[in-house]
Structures are given as structure tokens and as C-alpha cells.
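Here's the structure, in C-alpha cells; my notes come after.
2 protein chains.
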Amino acid sequence: MVVVSGKELKKEFDLAQAQASVGEVITFRACVHKVRGMSGFSFVVLRTARYLLQSIYTDGECEGSLEGIREGCYVEISGRVKAEERAFNGIELALTKITLLSKPAAEYPLKVSQRRLGCSLDVNLDNRTVALRNPYERAAFKMQEGLVQGFHQFMQANRFTEIHTPKIVAQGAEGGANIFHIDYFQKPAFLNQSPQFYKQAAVAFFDRVYEVAPVYRAEKHATSRHINEYIGLDFEMGFIDSMYDVMAMETACLRAMMEYVKAHYQPEIKILGAEIPEIGEIPSVTFLEAMEMLRGTGSAGKKFDLDPEDEVKLCEYAKEKYDSDFIFVTHFPSSKPPFYAMNSKEDPRVAYKFDLLFRGLEITSGGQRIHDYDEQVEKMRAQGLDPADFESYLESHKYGLPPHGGLGIGLERLLMKLLNQPNIRQASMFPRDINRLLP
Amino acid sequence: MVVVSGKELKKEFDLAQAQASVGEVITFRACVHKVRGMSGFSFVVLRTARYLLQSIYTDGECEGSLEGIREGCYVEISGRVKAEERAFNGIELALTKITLLSKPAAEYPLKVSQRRLGCSLDVNLDNRTVALRNPYERAAFKMQEGLVQGFHQFMQANRFTEIHTPKIVAQGAEGGANIFHIDYFQKPAFLNQSPQFYKQAAVAFFDRVYEVAPVYRAEKHATSRHINEYIGLDFEMGFIDSMYDVMAMETACLRAMMEYVKAHYQPEIKILGAEIPEIGEIPSVTFLEAMEMLRGTGSAGKKFDLDPEDEVKLCEYAKEKYDSDFIFVTHFPSSKPPFYAMNSKEDPRVAYKFDLLFRGLEITSGGQRIHDYDEQVEKMRAQGLDPADFESYLESHKYGLPPHGGLGIGLERLLMKLLNQPNIRQASMFPRDINRLLP
């Protein structure tokens, strides 16, 4: 019988503490990132969870030998801290002790200790568990954490309740063929395409809700902007006057997320050379205005939606005219999905639906939703859907919903554009596409 | 063209502000929870996202009529605040204006405005989107939010990096038949049984990681303690000396979560009558010690695992002897899964694996994992597994992992026991079991 008090926790390496310890010996555990032998001494670069540190091993001055210690070993070291401007993070360690904790069975198949891996994306993804040991590669996912934490903090500060909704469902929220089928105890079931139905149901009792969770789309085409499993940052808010309340909330939310990242993720911003946008006002054009502008620039007007080239051009326009990395497009044709988008009261040919584009790519769809039962049933019929197929969903409307709206942000798309990555797979730790199930 | 500044956000109802506004008129939006007509006036109970508020409508003193306004309507009201000790939250509103925002198409099928719904669990779950409008029912999920936010805050403070890993996988992490099959573009795929493989991979580059995400188990038996989709609070930490480092981290984490809930969720604690445990030291017994104790109390010693009755008895023992709602059980037989549990160096018949029991139920499995490639391959073979089937997983070991361990907490089980609920379905907003895919 023993007791566990949880009072003495193992500490992670602390850079500020190390930097404040010049002249002292510090001890910590890390990965051996690189060893470079010189005459009589060796440079040993250590990799902690966020930082690289340079240390010097001198024969005869260090307890424990460097022999057998190579790239990929995990070690405990003690070293005297020296201020050294040229070193990473301004300090260098003169090793006084090194102990091997674990060692790899093989050499890395990638050049992990280079600044950039320098391999193709396919090789990177095939060897993902190794690729992410490269400081540049892993930094993207530290930034991803910052975006999600910033989202949580903004949502909590604005009294959204975090919810968790099922991903195994009897019916997809977005319709169409882009849905994965599951064998659920011999019953047909699906992986949810969005938490839409559940978010709306929850607005009835929590007013404002949000969720951070995987979303599944069985898109068959392999593009640089689609993956089949992604993280949705979703929210839904009751008691709105119009979809502009939702757009205002998103604007404030993205601003807070960017500020959070800037406040807490400077090491990664530097490693990645990321340009974090200043979000002031975001311009907003209607779909019709966008179509007119695009025709003016030579692009063919599309009838129901924007295509990727349109998104690029609209963002160029927003950057030029408003110095904004973002632009909203509103009032899409009402004949187009989703069936839960409220039609405009002024012009029922368009719906209170918006997209948000960021640096040339749609990162959000949102809008005001229908809250009235009869109005929802009617719109389903107008789109050729049978309300009987949506009996469970419609219970929320039947028993009452406040006027409400919401949106979903694709986390990987946001990160991809934040880092100016050409392919969304770079913004997913372990991406899933039509060809990729491993690792 | 308009611009969205996000500078003026719609505010949620603020109780403290309302309580500080005695004598003044306040305006907010809410759901009509209950209307009780008296002679010449009516009591109107309003439901905001977290609170109930009593208001009084007096004919001739309120702009807008109560006519047509009934339970389930959403309204905007203005009312003068009066201190009233007998009312919910110590204030009462004399309505000066009421405006209908939306109304239901039908009456609630459940008694939402009663303190407790008073229906069977099946009726509750069949009408879940209505049941959750009951303040007692919804409060459980506000508490759930508190647990998750407390987990995030503790993890962030202890420098764990939040990760997001795929749930669609080529291979389940826990083996066995309890796994859901997906049709993934005509290729076989599965829903992951835990983020285990990915957490371990990430320890190689982030040292400490955590994830809050759905976990899938195709358990065929319908018990009061199993659901098929649940939320896992998972973490994994590198550079441990033993599994006791993981247990210490969990002890501190649960303590922080309980403190977070107590600091921020008092309204829900009161509504639910929840007893939030004080976590001091948690006693820990080995599996062998537990078996001896259980034999002593008349329970048959099991060879490889605890059964539900054992868990109840061990918790009774912990409560009696240590006044603890929790007890760890360690050193389970090494022949038992999981294959990634490190065998004891002192006695290879047992593994460095632990369970944490809370009020009679296992809420966590964890342990020290194997980090050495050869040791992992050997243990797979000893358990009758073919290492070739785990090639992708084994790449993490092949290229080096620090000594590490971790665990997974079942969020619904933790919440269920925190609220002393008899059935885990009550602790899931929209539970999935062998018979339930809706709502």
C-alpha cells in the first residue's frame, strides 16, 4: 500500500529559468538533436519540447561518456549555463554530466536536425512520426494548439458553453453523398459531417454553445484544400438579430485567437516565419456584389457558389482595397444547401448565409438558421427533402428555438493559411485523405 | 459593401449585474420556462443559459401582452429589479415590456419546468432535446464543461501540448473485436479505440501531450457503465521515472479539476446537489494486494482483472480506511492487454499498469509504456501478436522514444460518479449505445 499525493510533479524544462541561471549548473531531460564532433570536444544540440539548446561536451570534464550517444537518443544532462549570443536562445551549456535514458533502434530516415526537412510532402507524411521531430514541422502544431486555446478562451469569456456531441449518427447534417458509412451493430450509421443538428438543439437550453471536434467529409477528390477528417471549431448563438451578429462574433473571436497566439507562441512564430494578421474591420460583400466584381475582373460569374479562383480574387481585392486578409461573402442563393439556412425576408432568392475567406481560401461557412418549425418544413420541401426524414432534428424546432445562427471554422484551413502552406496536409498532424490511412 | 468590426457583441444575461440593479429596469432575452396565472397578474419564470428568474406580469403595467406567450416561447423582456429573498437568485422582476421572439409549434412532451422530470430514462433519452431544457438535466452538462475546462487549464499549466489525432484509422489501438468498421473509399478502416499510438508518437517531439476527443468501443453489451462513443481525456508524458509519476500527475490533475468546478460551477453544484470530493492523497494497492483483500471479504479472487463488484468493494475499503473517494490499483498481470504496457523489471509476471477507481467505478487506465523497440516487439510476440501488423506504430520506437507513460480518463464515467448517477447515459448529452442512434 502506498499513497499518491500529486504534490511533487516532474517539471518540464523551463527556458526562462535556464536563461536566468548563467553560471549555475542546471539539470534536465531532452532529446539529442544533433552531435558534431570537433577535436577534443563536441557540440551536442539538445531538443526540449519547444526549444533547441547548444551544449558542449569536453572530454574529461563531463561525468558519463558521449560514446553511443547519437541523434535520437533521450538523455538527462547537467550543464553549467553560459551566456552565448550566437547560440540558440542565447545560452550554451558546458556539460558536467550526461546519462542515456533511451536510444533508437535505427537512424532517422529524414534529416531531422536540418532547419527544413527538404523532402517531398509524401515522404514527410509517410514518415510523419519522424518528420514531426523536426523543429519547423512540429512548430505548426504548437501554433495549432494556440489557435484552439485562443478559441476556448474567447468562447468561455463570451459565455458559450462547451458541448460534446456524437459523431456516430443516424443521419448526416449536411446531406449529399460525402458521408462515411459505419457498420453500427448491423444497423446503418454515418460519421457526422458537422455538429449542426446538435448545436441547434443545444441553443434551446444553453443559448450559446461551441464545440471543438472532428468532422468527417467523404470527399473523393484529392485537392490541396481538402482532407477527409478535420477539426471543426463550431459555435452557435441564440437571440441574434441577424447573421451580422454571428459575423461580429467571429471577427472578435479571430482577433482574440490571433492575439492569443501572438502573446504565447512567439518562439513558433519565429521558427515558422508566420505573419499573424492584424484583424481590424473585415469587409463584407454580398454574393451578387462578388459576382459583379469577378465579372469585371474577367472571371465567369457562377450561379450558386464561389469557386477556388473566385476566392483568391476576392481576397486580393480585400487586401488591396481594405488591407484585410479576410473578406466575408453573404447572401448566397437560397436554392443551394444547407436547408437550415434562413431565407432573406427581403429577397427569398437569397439566404442569410455567409462564408469567410482568408488569404484566398474559404475557412468558414455560417449564417442565420431557421428557428420556426413551419418555415423549416417548407424550406426542406422547397429543396426536395422529405421532412419525415428529419423528424428527430425537427423536434428542436417543434418545441421551440430562439432566433439563432452560428458557424464552423476549419482549423486546418485556418492554420494552413496562417502559415502560408500550399497544402492542407501540412496543417494536419496525421492527415486522412483518399489514399492515406497511415500513420 | 459593409464592414464587420466585431467591436459590439451581443451580451449574454449577467446575473451579478442583474442582482446589482435593484430598482432599475433591465432588458434581456430568455426562454419562458413557466407561466402561472393569478387574479390580475401572472408569475412568469424566465430561463436564461444558467439561471431561472421570477418575474411578475401585471395587466396594464407591461407594454406587450402575455397573450399567446407560454412555456417554450423565447422573449425579450424589460423589468424592474426587486430584491426578493424567496425568489430564485434573490431577485424578482416587475415586467415593464415583453416581446415575443419565437414560439414553439407544440407543447413540451415532458414536464420541463418541474424540478425533476420524473420520467423514465428511456423517455428522457427519446426526448433528449426537450429533456435538456430542464434545469436539473442541463446542469450536468455545464458541470461536464467545468471538468473539461479544468483539465485544459491543468494540462496547459503543466506544459502538455494539446494535440488532435485521427479517429479514422487503419488499426485499433486496443485490439480485440470491440471496434467499429468504416467503409473508407472501399478500403477497410476503423474508428479508433483510443489515441494511444498517436499520443506515444507525439511524446517523441512534444514530451507531454494531451487530447480531448471521442473514443469508440463497439461493446455489444448494454450495461449501465458502457456507452459506445465517449469523450476521452487522454495524456501522455515523457521522461518519467516510473508509472508513479503518471499517477501523481493524475492526482494533481483531478484535484485541479475539482477545484476548478468548485470555483466556477456553484450554481450547478447546488442544482445537482453534487458532492465534489476533496482530493488529498489517493491510496494505491497492487492487484495482488487487492485480490487478497477481496478474498478476505468473501469475493472470489479473479486471475487477470477486477470485476464491477471488486471495484465497488475496493472503493468502500478506500473510503473507510482512508476517507478517499478514489483508489489506485497497480501491477496487473502482464499477460493481459494492453501489449504496450511495460512489464515490471522486478517481476515480469506483472506490468506497470494501473487503474483508478472512483466511487465504485474504474474511470482511468494508465501506466508506463514500453519505449524500447526490441522490448516492444518481444512483448507483442509474447501476447500472440505479429509485430509486422504494427509496423507503422513501431516506427516511433524504432526511431526513439523517451521513457514515458500516460492514461485515459473517461469523461462520462467521471461525471456520472461525480453526480452519483446510476446510469452513464445520464452523463452523455446524446448517448450512443447498441440500441440508440437518435437523437
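Protein chains in written order, with the working numbering: chain R, 347 to 785; chain P, 347 to 785.
Virtual Cβ for every residue (Gly too), placed ideally from N, Cα, C.
The structure presented is a predicted model; accordingly, all values stated were derived computationally and were not measured.
C-alpha of Ile-415/P to C-alpha of Leu-446/P: approximately 7 Å in a straight line.
Interface annotation, Tyr-397/R: not in contact with chain P, CB-CB separation never under 9 Å. Per DSSP, reduced to three states, the secondary structure at Val-592/R is helical. For Lys-699/P, the closest of Met-384/P, Tyr-745/P, Glu-483/P, Ser-680/P by C-alpha to C-alpha distance is Ser-680/P. In the DSSP assignment, Val-658/P is bridged to no other residue. In this structure, His-677/R sits away from Arg-715/R, with a CB-CB distance that is not shorter than 9 Å.
According to the DSSP secondary-structure assignment, Gln-400/P is paired through a beta bridge with Val-391/P, Glu-438/P. With the criterion set as a beta carbon lying under 9 Å from some beta carbon of chain R, the members of the region 493-522 of chain P are Val-494, Gln-495, His-498, Gln-502, Asn-504, Arg-505, Phe-506, Thr-507, Glu-508, Ile-509, His-510, Thr-511, Pro-512, Lys-513, Ile-514, Val-515, Ala-516, Gln-517, in sequence order.
Annotated three-state conformation of Asn-473/P is coil, per DSSP. Counting C-beta pairs with one atom in each stretch, the region 503-523 of chain P and the region 619-633 of chain P have fewer than three that are closer than 8 Å, which means they do not touch.
The beta carbon of Gly-418/R falls within 9 Å of a beta carbon belonging to chain P, placing the residue at that interface. Burial check for Thr-475/P: the Cβ neighbour count within 10 Å reaches 16 or more, so the residue is buried. For Leu-463/R, not one C-beta of chain P is nearer than 9 Å to its own C-beta. Taking C-beta atoms under 8 Å as the contact rule, Ile-625/P and Phe-585/P fail to qualify, at a distance of about 25 Å. Where His-527/R is concerned, there is no enclosing alpha helix (DSSP H), although the beta strand (DSSP E) around it starts and stops at 527-530. Nearest neighbour of Cys-599/P by Cα position, chosen from Phe-685/P, Gln-502/P, Met-489/P, turns out to be Gln-502/P.
Looking at the DSSP output, Arg-715/R sits in a beta bridge with Ala-687/R, His-750/R.
In this structure, the alpha-carbon of Thr-569/P lies about 34 Å from that of Phe-531/P. The beta carbon of Arg-474/P sits closer than 9 Å to some beta carbon of chain R. For chain R, the residues of the region 579-594 of chain P that bring a beta carbon within less than 9 Å of one of its beta carbons are Met-583, Gly-584, Phe-585, Ile-586, Asp-587, Tyr-590, Asp-591, Met-593, Ala-594, in chain order.
Per DSSP, the beta-bridge partners of Gly-584/P are His-750/P. Chain-order list of chain R residues neighbouring Gly-746/P: Gly-418, Cys-419, Tyr-420, Ser-448, Lys-449, Pro-450, by C-beta distance under 7 Å. According to DSSP, Phe-700/P shares a beta bridge with Thr-676/P, Gly-712/P.
Per DSSP, Ile-423/R is not a residue of any alpha helix (DSSP H); the beta strand (DSSP E) it occupies stretches across 420-429. For the pair Asn-766/R and Leu-467/R, the CB atoms are not nearer than the 9 Å cut-off. Burial of Phe-776/P is indicated by the presence of at least 16 other C-beta atoms within 10 angstroms of its C-beta. Listed in chain order, the positions of the region 350-362 of chain P with a beta carbon within less than 9 Å of a beta carbon of chain R are Val-350, Ser-351, Gly-352, Lys-353, Glu-354, Leu-355, Lys-356, Lys-357, Glu-358, Phe-359, Asp-360.
The beta carbon of Phe-487/P sits closer than 6 Å to the beta carbons of Met-775 from its chain, once the five residues preceding and following it are set aside; these are given in chain order. Along the region 599-631 of chain R, going in chain order, the ones with a CB nearer than 7 Å to a CB of chain P are Arg-601, Glu-627, Ile-628, Pro-629, Ser-630, Val-631. Cα atoms of Gln-546/R and Ala-620/P: separation of roughly 28 Å, rounded to the nearest angstrom. The DSSP-derived three-state label of Cys-599/R is helix.
Pairing Ile-709/R with Leu-760/R gives a Cβ-Cβ distance under 9 Å. Identification of chain P residues near Ile-716/R by a Cβ-Cβ cut-off of 9 Å yields none; the smallest Cβ-Cβ distance measures about 10 Å.
At a cut-off of 9 Å between C-beta atoms, Lys-457/P does not count as an interface residue with respect to chain R. The C-beta of Cys-377/R comes closer than 9 Å to at least one C-beta of chain P. If you look at Pro-629/P, you'll find it in the beta strand (DSSP E) that goes 628-632.
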